[in-house]
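Beneath this line is the structure, given in structure tokens, with notes to follow.
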Amino acid sequence: MSYFTQLLEGGYEAVHLLSDSKTGLRAIVGMHNTRLGPGLGGTRALSTYTSEEEAVADALRLSRGMTYKAALAGLPHGGGKAVIMLPRGDFDRERLFESFGRAVESLGGRYITTEDSGTSPDDMEHVRRHTKYVVGLKERSGDPSPVTAYGVARAMEATAKHLFGSPDLKGLRVTVLGVGHVGMYLVKELHQRGARVWVSDLNPASVQQAVTQYGATAVDADALHRMEADIYAPCALGGAINDATLPLLNVKAVCGAANNQLLTSRHGEQLSRRGILYVPDYAANAGGLINVAQEWAGYDRDKAYARASHIYDTIDALLARSKESGLRPEQVADRMVEERLAG
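Under full-length UniProt numbering, the first residue of the sequence shown carries the number 1, and numbering increases by one thereafter.
Shown next as structure tokens:
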């Protein structure tokens, strides 16, 4: 499929190919829809892309997700996302990200970047030397993980209201796959709310921290998927709901922090047929985007948390509309976004 065909069929505005022979920079910025404001989304830097086509497809897919996340959260931003195909072998990372900063500046503010998979606040410090269109900086909003986790906890409270008649998470059984930055903060939020938590992660140190600090119970991933629980929270890589894991689930709802939790749309259909409520990931995990959007507007931590708290209201309205219409929650979420984009 040609690039123009991908853009036209997906409703994208542009794809920018940005390069610098001196530093080895090969970057792609996907722009999906900026009707509500400049595109805001992170930069993913990986050495594992097997082709330029794969990297472009990733940038486009991710930028569309940012459009939907920003619109559903009520933010004045559109969907943009960047990927960098890291050079093979040795390279000067500082110079590469300075070059990327110049590339972002050349887009004239249509795209605002921040960190993502494979990038760090240190990388963004290099970027900022050559552009003002960057957020997630250390001395401003800092790590967005706590706000993301707080928003997911609020989404769980709305989910509990619809499933059990009360938003109180005390005593609920929650399984968390992945206790990295966001997952660990989510375990903390759940502990504070009195939930009973089971965790699994490839990093034994992270699991031990969750057990020691927050009273979680450690299990392996296979056991976690098979556990009878109230809510399952995928907080690791995408595609956690797939042909292998979905048949094992014995939960009442899925509500987590990971992006792209459904490997394909049919997995959402299969969850619904099994009576498992799926809370759309981009609705639940918008806290991080809310945090950096607040930084762009002028950072105020209290305002960021207040806005993230409204994720509860978004999920509450979404699930109510799903029940009334008979549509799956992810279908309702998409419609809510499309209505806002239509104005």
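Idealized CB from N, CA, C, for every residue including glycine.
Nearest neighbour of residue i, chosen from the options [CA to CA]
{"i": "L46", "options": "G78, M85, K22, I28", "result": "M85"}
{"i": "G249", "options": "G238, R274, G239", "result": "Before going further, note that residue 249 is Leu rather than Gly in the sequence given. Measuring from the Cα of L249, the nearest candidate turns out to be R274."}
{"i": "P87", "options": "R95, K81, G80", "result": "R95"}
{"i": "L36", "options": "G78, K170, V174, F91", "result": "G78"}
{"i": "R196", "options": "T212, M184, A216, R44", "result": "A216"}
{"i": "L163", "options": "Y185, A253, L177, P204", "result": "A253"}
{"i": "A304", "options": "N291, D316, W296", "result": "N291"}
{"i": "D20", "options": "F97, L60, P280", "result": "F97"}
{"i": "K138", "options": "V152, D122, L25, V179", "result": "D122"}
{"i": "N260", "options": "G151, R64, R335, Q6", "result": "R64"}
{"i": "L17", "options": "D90, P76, L25", "result": "L25"}
{"i": "F91", "options": "T23, G136, S325", "result": "T23"}
{"i": "V135", "options": "A153, D116, E324", "result": "D116"}
{"i": "S141", "options": "T113, D300, Q6", "result": "D300"}
{"i": "R321", "options": "M336, R226, G256", "result": "M336"}
{"i": "A59", "options": "T34, R93, A14, A103", "result": "A14"}
{"i": "V152", "options": "R193, G165, T114, E125", "result": "R193"}
{"i": "V332", "options": "H32, R129, L277", "result": "L277"}
{"i": "W296", "options": "H32, I112, R93", "result": "I112"}
{"i": "M227", "options": "G268, E324, I311, W198", "result": "W198"}
{"i": "D313", "options": "A244, D334, P167", "result": "P167"}
{"i": "L7", "options": "S51, T50, R61", "result": "R61"}
Test item: CB-CB of residue i and residue j under 8 Å
{"i": "residue 389", "j": "V251", "result": "The question about residue 389 has no answer, for the chain in this structure spans 1 to 343."}
{"i": "G30", "j": "K81", "result": "yes"}
{"i": "V83", "j": "F100", "result": "no"}
{"i": "P329", "j": "L319", "result": "yes"}
{"i": "S200", "j": "L177", "result": "yes"}
{"i": "L72", "j": "A286", "result": "yes"}
{"i": "Y150", "j": "A308", "result": "yes"}
{"i": "A223", "j": "V207", "result": "no"}
{"i": "L169", "j": "A160", "result": "yes"}
{"i": "A293", "j": "L75", "result": "yes"}
{"i": "R44", "j": "G89", "result": "no"}
{"i": "A210", "j": "I315", "result": "no"}
{"i": "I241", "j": "V174", "result": "no"}
{"i": "S120", "j": "Y185", "result": "no"}
{"i": "L237", "j": "Q270", "result": "no"}
{"i": "V187", "j": "G288", "result": "no"}
{"i": "T114", "j": "G42", "result": "yes"}
{"i": "L202", "j": "G239", "result": "no"}
{"i": "Y3", "j": "V56", "result": "yes"}
{"i": "D281", "j": "G256", "result": "yes"}
{"i": "A27", "j": "A103", "result": "yes"}
Reduced DSSP secondary structure (H/G/I, E/B, other) of residue i
{"i": "R26", "result": "strand"}
{"i": "A82", "result": "strand"}
{"i": "A210", "result": "helix"}
{"i": "T34", "result": "coil"}
{"i": "G39", "result": "strand"}
{"i": "S141", "result": "coil"}
{"i": "R335", "result": "helix"}
{"i": "D20", "result": "strand"}
{"i": "A218", "result": "strand"}
{"i": "V179", "result": "coil"}
{"i": "V147", "result": "helix"}
{"i": "A195", "result": "coil"}
{"i": "V127", "result": "helix"}
{"i": "S51", "result": "coil"}
{"i": "L46", "result": "strand"}
{"i": "V134", "result": "strand"}
{"i": "S2", "result": "coil"}
{"i": "R340", "result": "helix"}
{"i": "S166", "result": "coil"}
{"i": "residue 387", "result": "For residue 387 there is no data in the structure shown, the boundaries of the chain being 1 and 343."}
CB-CB length for residue i against residue j, believed under 8 Å
{"i": "H181", "j": "D143", "result": "7 Å"}
{"i": "A258", "j": "C235", "result": "5 Å"}
{"i": "G39", "j": "M66", "result": "7 Å"}
{"i": "T48", "j": "R110", "result": "Wrong, their Cβ atoms sit about 28 Å apart, outside the cutoff."}
Check: residue i C-beta below 7 Å from any heavy atom of the ligand ZN
{"i": "G151", "result": "Looking for the ligand ZN in the displayed structure turns up nothing, as the structure carries no ligands at all."}
Continuous beta strand (DSSP E) assignments of at least 3 residues falling wholly in the segment 222-293: Fully enclosed beta strand (DSSP E) runs of 3 or longer: 228-234, 250-254.
Length at least 4, wholly inside the segment 73-125: the alpha helix (DSSP H) runs in chain order: DSSP assignment within the segment 73-125 yields the following whole alpha helix (DSSP H) runs of 4 residues or more, N-terminal first: 93-106.
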